[in-house]
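**Q** Could you have a look at this structure, given as structure tokens, before my questions?
In mature numbering (1 follows the signal peptide of the UniProt record, and there is no 0), the protein residues as written are -23 to -1, 1 to 123.
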């Protein structure tokens, strides 16, 4: 009986001390839109240039011309991009092939450090081929940074 009581007490006290999950705010469900997204890569796939506008809905879209270069381990179309500032926003990109051949995609982090906000637009390689402009424009939820 004492063992059961001791075990119950230990379980109850450890449950009270358990950390809570970190909640990410979606900043009042606000969305940002990337307008006219287009990726153009050179024939050797050593450089890709992304063209788009960042629209937060409050001002005119901020134009972005974002350059990603090939690395020793990846062609430009599959390379991670370096942080680049466009007005109040910093763009960083990362490519993933985790779903297998022909299913690659790039996630672009659009960060407003001053207001601690971020959005994660993503585009599949298949929709970016041959310098095609993605249509229609897409909106993405904005989250608060800690």
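Ideal placement from N, C-alpha and C gives every residue a C-beta, glycine not left out.
Leaving out the 5 sequence neighbours to the left and right, which residues in its chain are closer than 7 Å to residue 89 when beta-carbon positions are compared?
**A** Here residue 89 is taken as the residue at index 112 of the chain shown, counted from 1. So the list reads 65 and 66, once near-sequence residues are dropped.
**Q** Which value, in whole angstroms, describes the spacing of the CA atoms of residue 120 and residue 61?
**A** Locating residue 120 in the chain shown gives position 143, counting from the first residue. Locating residue 61 in the chain shown gives position 84, counting from the first residue. Looking at the two C-alpha atoms, the distance is approximately 20 Å.
**Q** Provide the residue span of the beta strand (DSSP E) that contains residue 94, from first to last.
**A** The count along the chain shown starts at 1 and reaches residue 94 at position 117. It spans 94 to 96 - the beta strand (DSSP E) in which residue 94 sits, taken as one unbroken run.
**Q** Using only CA atoms, which one of 42, 54, 20 and 10 lies nearest to residue 74?
**A** Locating residue 74 in the chain shown gives position 97, counting from the first residue. Cα-wise, what sits closest to residue 74 is 54.
**Q** Beta carbon of residue 34, beta carbon of residue 114: below 9 Å?
**A** Reading the chain shown from its first residue, position 57 is the one you call residue 34. Reading the chain shown from its first residue, position 137 is the one you call residue 114. Result no, Cβ atoms of residue 34 and residue 114 do not sit closer than 9 Å.
**Q** Considering just the uninterrupted stretch of the alpha helix (DSSP H) at residue 122, what are its terminal residues?
**A** Locating residue 122 in the chain shown gives position 145, where the first residue counts as 1. Per DSSP, residue 122 belongs to no alpha helix (DSSP H) and is neither H nor E.
**Q** Excluding five sequence neighbours on each side, which residues of the same chain lie with their C-beta closer than 6 Å to the C-beta of residue 16?
**A** By one-based count along the chain shown, residue 16 stands at place 39. So the list reads 25, 27 and 105, once near-sequence residues are dropped.
**Q** Is the beta carbon of residue 83 sitting closer than 9 Å to the one on residue 99?
**A** To locate residue 83, count along the chain shown from 1; it is residue 106. To locate residue 99, count along the chain shown from 1; it is residue 122. In contact: residue 83 and residue 99 (Cβ atoms closer than 9 Å).
**Q** For residue 45, list the residues DSSP reports as bridge partners.
**A** Counted from its first residue, the chain shown places residue 45 at position 68. Paired residue(s): 25.
**Q** What separation, rounded to the nearest whole angstrom, lies between the Cα atoms of residue 81 and residue 92?
**A** If you number the chain shown from 1, residue 81 lands on position 104. If you number the chain shown from 1, residue 92 lands on position 115. Residue 81 and residue 92: Cα-Cα distance of roughly 31 Å.
**Q** Determine the direct distance from the alpha carbon of residue 29 to that of residue 23, and round the result to whole angstroms.
**A** Within the chain shown, numbered from 1, the residue matching residue 23 stands at position 46. Within the chain shown, numbered from 1, the residue matching residue 29 stands at position 52. Distance between the alpha carbons of residue 23 and residue 29 is about 20 Å.
**Q** Can you tell me which of the three DSSP states residue 104 falls into?
**A** Counted from its first residue, the chain shown places residue 104 at position 127. The answer is helix: DSSP assigns residue 104 an H, G or I state.
**Q** Which of the three DSSP states, helix, strand or coil, is assigned to residue 50?
**A** As a position in the chain shown, residue 50 is number 73, starting the count at 1. Residue 50 falls in the coil class under three-state DSSP.
**Q** Tell me whether residue 10 is buried or exposed, calling it buried when 16 or more other Cβ atoms sit within 10 Å of its Cβ.
**A** Position 33 of the chain shown, counted from the first residue, corresponds to residue 10. So residue 10 ends up on the buried side.
**Q** Along the beta strand (DSSP E) that carries residue 89, what are the first and last residues, could you check?
**A** Against the chain shown, residue 89 aligns to sequence position 112. Residue 89 -> beta strand (DSSP E) spans 82 to 89.
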